[in-house]
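Novice: Below: one structure in structure tokens.
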Amino acid sequence: MSSVEDSLFGIHGKALALRSQRLELIASNIANASTPGYKARDIDFDKALASATSQQGSVAGALETAMGYRTPLQANPDGNTVEISTEQTLFAENAVKYRTTLSFLEGRLNTITRALRGE
Numbered sequence: 001m002s003s004v005e006d007s008l009f010g011i012h013g014k015a016l017a018l019r020s021q022r023l024e025l026i027a028s029n030i031a032n033a034s035t036p037g038y039k040a041r042d043i044d045f046d047k048a049l050a051s052a053t054s055q056q057g058s059v060a061g062a063l064e065t066a067m068g069y070r071t072p073l074q075a076n077p078d079g080n081t082v083e084i085s086t087e088q089t090l091f092a093e094n095a096v097k098y099r100t101t102l103s104f105l106e107g108r109l110n111t112i113t114r115a116l117r118g119e
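Residue numbers (UniProt numbering): 1 to 119.
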């Protein structure tokens, strides 16, 4: 993000991008729940956000440093590490946080728009 975007949106622009990527990753895990040998992946959101907001940090770079494999609670004989209930819970939780961040950004944009109109 540019410095203008950073000053307007702060941490929330990068948080939204990271939450979006995490939703895609969890959806991929769910889609591959019956694929033998598939290893569930996830993003350590706090680590990714810290990396993305550090000086010269980018969302893409943050994803690389914060991504890892999930350790299942119960091993599957075919080597698949996806646990549907865990993935569904994480997806729902992340979706709520995504929507919250999006709502905050919408409010911020409305405030900026009103300020530009002189309201």
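Note that CB positions come from ideal geometry on N, CA and C, so glycine has one too.
1. What's the call for Ile26, buried or exposed, on a 16-neighbour Cβ count within 10 Å?
2. Measuring alpha carbon to alpha carbon, tell me which of Gly79, Ala15, Lys97, Ala115 ends up nearest Ala60.
3. Go through the stretch 28-92 residue by residue and report every complete run of the alpha helix (DSSP H) that reaches 4 residues or more, in order.
4. Does the stretch 84-96 touch the stretch 22-42, meaning 3 or more C-beta pairs lie closer than 8 Å?
5. Among Arg19, Ile11, Gly57, Tyr38, which residue has its Cα nearest to the Cα of Val82?
6. Around the C-beta of Leu73, are 16 or more other C-beta atoms found within 10 angstroms, so that it is buried, or is it exposed?
7. Let me know if Ser34 comes out buried or exposed under the rule of 16 or more other beta-carbons within 10 Å of its beta-carbon.
8. Can you tell me which of the three DSSP states Gly118 falls into?
9. Which class does Gly10 belong to by DSSP, given the choice of helix, strand or coil?
10. Starting from the Cα of Ser58, find the closest Cα among Arg108, Ala17, Leu116 and give me that residue.
11. Nearest-angstrom Cα distance between Asn110 and Gly79?
12. Cα separation between Arg108 and Phe9?
Specialist: Inspection of the coordinates gives the following:
1. buried
2. Ala15
3. 45-53, 59-66
4. yes
5. Tyr38
6. exposed
7. exposed
8. coil
9. coil
10. Ala17
11. 49 Å
12. 7 Å
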